[in-house]
Amino acid sequence: MAAAMDVKQLQETSRQLSKAFDGGDPSTTLLTLLAPLEKWKASEDLLRQSKIGIAVSKLRSSKDSKVALLASQLINKWKADVKTKKPGVTGTPGKNGLNGDLRSQTNSPAPKKEVLAPPPPAPKKFSVAPEKRNAKEDGVDTALTGNPTRDGSITLIYNGLAFMSEEAPADILAVSKSVEAAAFELYQPETSTTYKQKMRSLHLNLKMKQNAELRKDVFSRAIEPKRFVSMSSEELKSEEMRKKEKEIAKENMNKSMTPSQDKSISTTLQCGKCKQSKVAYSLAQTRSADEPMTAFCECTVCGHFWKFS
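Spelled out as structure tokens, the structure:
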């Protein structure tokens, strides 16, 4: 049975949908708000007055497939509702399941042209190379909280997410706002050292060229904002960075385990090249303790190098 909804109810639902979508609320919230509309039978007047079509059309670009699918189904259903034959008009079904030429079968005026809410405007594009993107270049206004410190943090996160990104500025801004809100909830007040250091750390990790996977996961919400702002510095590193650090640590350990060889200066050994007697040498065991030591010699005058046992 179709649910009856008046203009005020539809306008309120439209407002809540737009707020939830722009604010990056979970998909479950959007699905809950859309549910009552599945039973609502649309009319041209209510669509025009409430502008519910604009809010729902916008959801067709949602990253969540369930939300996008339901929004598309609702738009198609409302189109069918508006096309429904008006009372008093008779005729046999024609092409596409609609009545034939209504003007030739009745003296009633021609039906009004279908009017649905226009589709949402295309996302604003960016005009600079992906590696140069930031809030200023994208023309994004990050003054969203009324607090300069928090707004500055939204800018930092936006700059990190926009780096090397092809996504629309509005979508990046929505995620940036959610991340800052999660950080503020966990580390408030915004004047605390913990909050400020955390926001700088998140920005720096997002801006690292080799951290593309982190940027992708945060933007797509594979890593939710609450999880992201609580990650340790080790967790924020990319797999490539972890691997490189392990290699450096291993190399340093190997170096620390290599015995140093102290060199001595001899005035009796003579360089076979320049015939000078200022020779630096060191002794080392090359194979086993049963074999004689090997002397590694270097002339301090000409640099000639030789060895002998």
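When the letters of the sequence shown are read in order and numbered with the UniProt record's numbering, they come out as residues 1 to 309. Glycine included, every Cβ here is placed at the ideal spot set by N, Cα and C. Keep in mind the model is a prediction, meaning the values are calculated, not measured.
| Query | Result |
| --- | --- |
| Determine the DSSP secondary structure at T294, reduced to helix, strand or coil. | strand |
| By Cβ distance, which residues of its chain are closer than 7 Å to A55, with the 5 residues on each side in sequence left out? | S14, L17 and S18 |
| Could you check the C-alpha separation between G146 and I154 for me, to the nearest Å? | 12 Å |
| Just to confirm my understanding: we take F228, look at its own chain, exclude 5 residues before and 5 after, and list those with CB closer than 8 Å. What are they? | V179, A182, L202 and V218 |
| Measure the Cβ-Cβ separation of I172 and Y187 and say whether it is below 8 Å. | no |
| Can you tell me whether DSSP reads A280 as helix, strand or coil? | strand |
| Count the other CB atoms within 10 Å of the CB of N252; is the residue buried (16 or more) or exposed (fewer)? | exposed |
| Among the residues of its own chain, which have a CB less than 7 Å from the CB of A143, if the five just before and after it don't count? | D151 |
| Quick one: what's F308 bridged to in DSSP? | A295 |
| I need the boundaries of the alpha helix (DSSP H) containing I265, first residue and last residue. | Here I265 belongs to no alpha helix (DSSP H); instead the beta strand (DSSP E) covers S264 to S266. |
| Return the CA-CA distance between M164 and A212, expressed in angstroms with no decimal places. | 8 Å |
| In whole angstroms, what is the alpha-carbon distance linking K63 and L214? | 17 Å |
| May I ask which residues mark the beginning and end of the alpha helix (DSSP H) holding W78? | S65 to K83 |
| Can you find the residues in the same chain that come closer than 8 Å, C-beta to C-beta, to C302, ignoring five residues on each side of it along the sequence? | C271, K273, C274 and Q276 |
| Take the Cβ of residue 314 as the centre, count every other Cβ of all protein chains shown within 10 Å, and call the residue buried at 16 or more, exposed below. | Any question about residue 314 goes unanswered here, given that the chain covers just 1 to 309. |
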